[in-house]
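What follows is a short report on a single structure.
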Amino acid sequence: MKLINKSILTVAITLSTASVYYAQETQDTITTTKSKDIEEVILQGVTDIAKDRKTPVAASTIKAAQIIERLGNQEITEILNTTPSVYATKSGGGFGDGGITMRGFESRNIAVMVNGMPVNDMEGGSVYYSNWTGLADVTSFVQAQRGLGSSKLGIASVGGTINFITRAADMKKGGVIRLGVGNNDFLKTSFAYNTGKSENGWSTSFLMSRTAGGTYIENTDFEAYAYYFALGWQPNKKHNFQFMLTSSPQWHDQRTFAPQIQNYINYNPDQDGTPYRQYNSDFGYYTDANGRRVALANRSNYYAKPVMMLNWDWTMNEKSKLSTVLYMSNGRGGGTGDIGRVGPGNRNMQNFVDNTGHFNYDDIFAANQAVDLNNPATTARSTLIRRASVNSHNWYGILANFQHKINDNWNFSVGTDNRYYYGYHYQVVSDLYGASGYKEDGNKNVAPYVANNIYDYKQLSWNPFGGRTAPITDQIGYSNDGEVLWYSGFAQVEYAKDNFSAFVQGSISNQAYQRIDNFVKDGVTRQPNPTTGQIVNTKSGFQNLFGYNVKGGANYNLDEKNNVFANIGYYSKQPFLNSVFPSNFQVVNPSLTNEKIFSAEVGYGFRSSKFNASVNLYRTEWRDRWLRRGSQVFDVADPSAPGGIAKVNGYSEVSGITQVHMGVEVEATYKPIQLIEFQGMLSYGDYRYKGNATGTSFDDNNNPVTPVGTGGNGTLYLDGVKVGGSSNNSIPQVTASLGTTIRPVKNLSVYGTWRYVGKVYSSLDAATFTTIANQERGALQLPDFNLFDVGASFKIKLKDVSQYFTVGFNIYNLLDTTYIQDGSTNIFGNDKITANNDPDKGKTYEEAGRMYKGIATANRVFFGFGRTWAANLSFNF
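Each residue of the sequence shown is one higher than the last, beginning at 1 in full-length UniProt numbering.
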């Protein structure tokens, strides 16, 4: 089950010197590093922005103008799809639900930062961009650093770092009004204004916006707001203070489970044998009092995450500077799904699918209404309802960084990064689906009770200070909290002289996890560990995990056009909370160990007035990885189910994984004349598992299950298998793009982009690689695909040069290409059909003719969006 992100966003840190310096650099400007430039050589404050021909890391930068011109109604991460080794998709297709990989590693192992501050969730590392709808409007530029990156903090950027640099409060005076429209009733309105800096050093910046509509996928309506306020004060040259408050409360209906290819075809309204890419299996219809057919979502998401931050930059003297940031974030929200079973045969949602492939809520309502919860003989969980899984948190942190210039060549910095996090996890009723309530007996604080208070996910919480939003007797399913303490120190030494620059960096950190189970009585839980039978206390006690990293690199400018660089590093990375307490139980993982990452890279760059190019070669080895893969559907033997096989929602846990990722990346731009520019990139990777691992599968109620065909064998034979994702996503090992920007007349810009994605492998699942035969055939490779995007923007200037209109238009997937962007399963054409009630039982999928573009139609996938569009009009003043 995919829950909402709980990450901490820290916007508008006023390290404006780094932002201004970077804005003044262009790709056409070739500079030689001078010894007096030490303060600009590698890192500034906590932003850690890579500088071309200076910082020895592979980096690509997208500026605000390109974001505004091309983003439209896409996910903000999709703007990075034309950079090497980056694969950003819309995943299930819901608003803000997109996923991203870098060098074959997923977002939870990519360090996402805002102005140098880490924002990945402290429990699981995830980042969900539906929380940050206003981010695109306040971003000055976004930089993707592939590999180790240049951050000094004790974060494990296994795949890389994505750093969003936002505007500060002391920007130039002015404002902008924007209106955006797009396919499926997309509508976005926003207003932003900067006061500029007063004579007394005060400045203010604010933004308000609303975004609503739907996406390309069926029944994915959404509504999101965003507000941003920054207040700056610079009383003198030594001190600079800035306060910031921002949030993006939203709700959106989702598609979280990838349907089978056969269902995309079967449920196509045109019945022409092609897949209906918009198909969403996570909603259905009911008949209202007026006889109308009304859509109702089973899966949805909602969150409000206000963030407050105070930043102080103190320039002590010409050689020393201290940057300090205090921040807090109280996130409130969660995600919905079904819970319980109803009627004869204990039917779940999959037993109420109609001939259009959607849920028949009229039948569900009738079945629920037949259950008498007042009857003492009625068992718990005997109604089928929609629950909301709440995933709220309180997060507080402080980050301090001291920098000192020793002389013209040497510079050092030391600092600390400390955070406290408390997460609330429980379930409440979101819709009773016609039932009188939901009977719960898992909460041993009280006798079995009936919960019937409904928590509507569309009623957004704007309160950043509230604690639990539901009393314990409204909670169902589970109730537990997670407490995380993080404290770390870091240090870095930098050297620069003439054409040479280098750095060595190290950090140490202690991460303490505690799990707290609230469904208890007399201080002990009544749900024993399924393996040991042990009864454990409500509080697990803190488990302290020590981690560290060390890395370094050097860059040498051979001349004014050519440079080379290299970097190397080692991380001892603490695992996430769910690997410390696996299977959602209060027992510490007996084989708990840190994950180890070793990475090395070399690169070459060429810069001239017309042509720029970069080439990088890298190798990363990741040992002792532990992962939990959610949002799975298992085929489990069940004599009472149709065909003898039941569809069970659940998750897998896999330990002892080793991955080796190697590759080469090329990125280039060519500007033969002022009116035209070409951009291109190519990345080729070889990502494989090394050795075997151990996996176990569970249903959503944490009961172990044995998927059909696995035989209960816990060993996963992965050695040499190509790496896929760990959720409903895939990982490509070849990407390429070629784009052209033409400016035929003044103020008009027209662009076109071709993108290729190849060697795409479906995600890892614990039910597949339990035999050596499956290991030998490897992960399922999905079809390669090509996409084309086009767009144009035109600026209309008024007499006052500070005032102008901008009109823009974008078409994505111009040729309406049908392609599979993500795969969730590994079913091959020569696999046999096993369901008892299937007329083709015993045949292979190839023999039964159940194939689509060489892929067995039983595979669960997400098709990419078809042709979509967006247009915008803005007025700057």
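Every residue gets a Cβ at the ideal spot worked out from N, C-alpha and C, and that includes glycine.
Check	Outcome
Host alpha helix (DSSP H) of residue 138 (start-end)	135-138
Cβ pair residue 635, residue 728 closer than 8 Å	no
Spatially closest choice to residue 194 from 618, 203 and 187, by CA coordinates	203
Distance between beta carbons of residue 399 and residue 417, contact taken as under 8 Å	5 Å
Rounded separation between residue 397 and residue 311 - CA only	12 Å
Integer Cβ distance of residue 717 from residue 775, believed to fall under 8 Å	4 Å
Terminal residues of the beta strand (DSSP E) in which residue 734 lies	731-742
Rounded straight-line distance, which links the Cα of residue 210 to that of residue 859	37 Å
Identity of the residue in 574, 818 and 66 nearest residue 810 by Cα	66
Residue 247 (DSSP reduced to helix, strand or coil)	strand
Touch test, the segment 67-75 against the segment 87-103, Cβ-Cβ under 8 Å, three pairs minimum	yes
N- and C-terminal bounds of the alpha helix (DSSP H) containing residue 819	Looking at the DSSP string, residue 819 is not in any alpha helix (DSSP H), and its letter there is neither H nor E.
Expected contact under 8 Å - CB spacing of residue 103 and residue 147 to nearest Å	7 Å
Residue 55 beta carbon near the ligand MG (any heavy atom closer than 7 Å)	You won't find the ligand MG in this model; it holds no ligand whatsoever.
Beta-carbon proximity check, residue 805 vs residue 877, cutoff 8 Å	no
Spatially closest choice to residue 158 from 277, 801, 648 and 570, by CA coordinates	570
First through last residue of the beta strand (DSSP E) which encompasses residue 490	476-497
Between the CA atoms of residue 303 and residue 136 - distance to the nearest angstrom	18 Å
Environment of residue 650 [buried if 16+ CB atoms lie within 10 Å]	buried
Touching by the beta-carbon criterion (3+ pairs, under 8 Å), the segment 350-361 and the segment 422-430	no
Beta-carbon proximity check, residue 412 vs residue 224, cutoff 8 Å	no
Neighbourhood of residue 719 by C-beta distance below 8 Å, restricted to the same chain and skipping five residues each side	689, 690, 691, 692 and 775
Residue 344 versus 173, 853, 364 and 754, residue with shortest Cα-Cα distance	364
Sub-8 Å separation of residue 56 and residue 555 beta-carbons	yes
Candidates 333, 248, 352 and 226: closest to residue 283 by CA position	352
Residue range of the unbroken alpha helix (DSSP H) whose run includes residue 364	361-369
Test item: CB-CB of residue 790 and residue 752 under 8 Å	yes
Identity of the residue in 873, 681, 826 and 647 nearest residue 856 by Cα	826
Chain-order list of residues whose beta-carbon lies under 7 Å from that of residue 714 (same chain, five-residue window excluded)	694, 695 and 696
Cβ-Cβ distance between residue 480 and residue 515 below 8 Å	yes
Simplified DSSP state of residue 226, which is helix, strand or coil	strand
CB contact flag (residue 134, residue 248, <8 Å)	yes
Three-state secondary structure (DSSP) of residue 577	helix
Buried or exposed (CB count within 10 angstroms, at least 16 for buried), residue 525	For residue 525, the pLDDT reaches just 44, beneath the cut-off of 50, and the residue's location in the model is therefore unreliable, although a value from the coordinates is still provided. With 16 or more other Cβ atoms within 10 Å, it is buried.
Backbone secondary structure at residue 32 - three-state DSSP	Unreliable positioning characterises residue 32 in this predicted model, as indicated by a pLDDT of 34, which lies under 50. The coordinate reading is nonetheless provided below. Reduced to three states, the DSSP call for residue 32 is coil.
Cβ-based burial, residue 868 [other Cβ within 10 Å; buried from 16]	buried
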